[in-house]
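Residue numbers (mature numbering (1 follows the signal peptide of the UniProt record, and there is no 0)): -29 to -1, 1 to 239. For every residue, glycine included, the Cβ atom is placed at its ideal position computed from N, Cα and C. All values derive from a computational prediction rather than experimental measurement. As structure tokens, the structure follows; a few thoughts come after it.
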């Protein structure tokens, strides 16, 4: 009987050691519930990170001067980053065959965030998402869209980001105007905002602004600062800006500047 108890005790200890040893391996895989917000993925330059999606990948976007290499197969995306990946990371957009899309920010791993070996994305959203701003869509054009069309607020916002940060050449149904490019719309000693481009449509207008922090300290942006008449939505690449750069590395990182997007009702 004592021998049996000793054997059971020994087996229990061995199992505990096996479980403990397996925990670090399991921690390399991260399960994420996507909540319709930008998702951060942490990588080591030169090392692959695998991202698994809930359906087959149809395509996506990354900026022209991207330092990220992507390989896709079925529902998996393998990401490689170069050493030149900035501290703020780089955004890519991934679209699935069922119409859902994801905004991912690829960032360098570090002491505060370990490298992701595998990221598994869970998504409770329906396979095809619809725009909420139905009041902007005429009744005679009530159709199903795989993602919000450009004549609703979220659709225009998406297309402006693709045009400003990913090099998309035009937005269907809108005329791009550079007439006011460089014009200062805010300069209060703490922030300076200038017009980059304006997109003019029959029901909505979209403004792309370049915003710079003029202070020697970190500054969070207040969306209310950039409200205009008829504003429907405001978005920004970064809501927190770094201080004015003091080193070459900080200038290259460009974290004291951001793109800001404002959608308003048409003023025609």
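Just list the residues that DSSP pairs residue i with in beta bridges.
i	result
residue 193	DSSP lists no partner for residue 193.
residue 51	40
residue 24	Partner(s): none; residue 24 has no beta bridge.
residue 3	92
residue 230	181
residue 202	235
residue 73	65
residue 79	14
residue 207	231
residue 84	81
residue 30	66
residue 186	BP columns for residue 186 are empty, so no partner.
residue 212	190
residue 56	Answer by DSSP bridge pairing: none, since residue 56 is not bridged.
At the level of alpha carbons, what is the spacing between residue i and residue j?
i	j	result
residue 100	residue 34	Its pLDDT being 42, under 50, residue 100 is placed unreliably in this model, and the value from its coordinates should be taken loosely. Distance between the alpha carbons of residue 100 and residue 34: 25 Å.
residue 11	residue 177	27 Å
residue 234	residue 203	6 Å
residue -19	residue -1	Bear in mind that the predicted position of residue -19 carries a pLDDT of just 46, short of 50, making it unreliable; the figure below should be weighed with that in mind. The straight-line gap from Cα to Cα measures roughly 28 Å.
residue 106	residue 232	Bear in mind that a pLDDT of 43 at residue 106, under 50, signals an unreliable position, so the number given afterwards is only what the model happens to contain. Residue 106 and residue 232: Cα-Cα distance of roughly 21 Å.
residue 195	residue 75	26 Å
residue 174	residue 144	10 Å
residue 58	residue 78	7 Å
residue 44	residue 66	13 Å
residue 130	residue 121	7 Å
residue 50	residue 36	16 Å
residue 240	residue 53	With the chain covering only -29 through 239, there is no way to say anything about residue 240.
residue 171	residue 211	28 Å
residue 169	residue 226	23 Å
residue 164	residue 155	6 Å
residue 229	residue 182	5 Å
residue 214	residue 188	4 Å
residue 179	residue 3	31 Å
residue 192	residue 25	34 Å
residue 190	residue 216	13 Å
residue 237	residue 218	42 Å
residue 7	residue 73	8 Å
residue 140	residue 224	25 Å
residue 167	residue 118	26 Å
residue 158	residue 197	12 Å
residue 138	residue 147	13 Å
residue 222	residue 23	35 Å
residue 162	residue 69	41 Å
residue 207	residue 199	15 Å
residue 132	residue 209	12 Å
residue 82	residue 220	20 Å
Quick one: measure Cβ to Cβ for residue i and residue j, integer angstroms, because I've assumed they're closer than 8 Å.
i	j	result
residue 185	residue 201	Contact flag wrong, Cβ pair sits at about 28 Å.
residue 27	residue 46	6 Å
residue 63	residue 31	6 Å
residue 135	residue 142	Rounded, the Cβ-Cβ distance is 11 Å, inconsistent with contact.
residue 14	residue 84	Rounded, the Cβ-Cβ distance is 10 Å, inconsistent with contact.
residue 5	residue 89	Contact doesn't hold; Cβ gap of about 15 Å is too wide.
residue 20	residue 96	Rounded, the Cβ-Cβ distance is 23 Å, inconsistent with contact.
residue 38	residue 61	7 Å
residue 56	residue 16	6 Å
residue 71	residue 42	Going by Cβ atoms, the distance from residue 71 to residue 42 rounds to 21 Å, so no, they are not a contact pair.
- Query: Does the region 149 to 165 come close enough to the region 126 to 138 to have 3 or more Cβ pairs within less than 8 Å?
  - Reply: no
- Taking only runs that begin and end inside the region 122 to 173, name each unbroken beta strand (DSSP E) of 3 or more residues, in chain order. 146 to 148, 155 to 158 and 162 to 171
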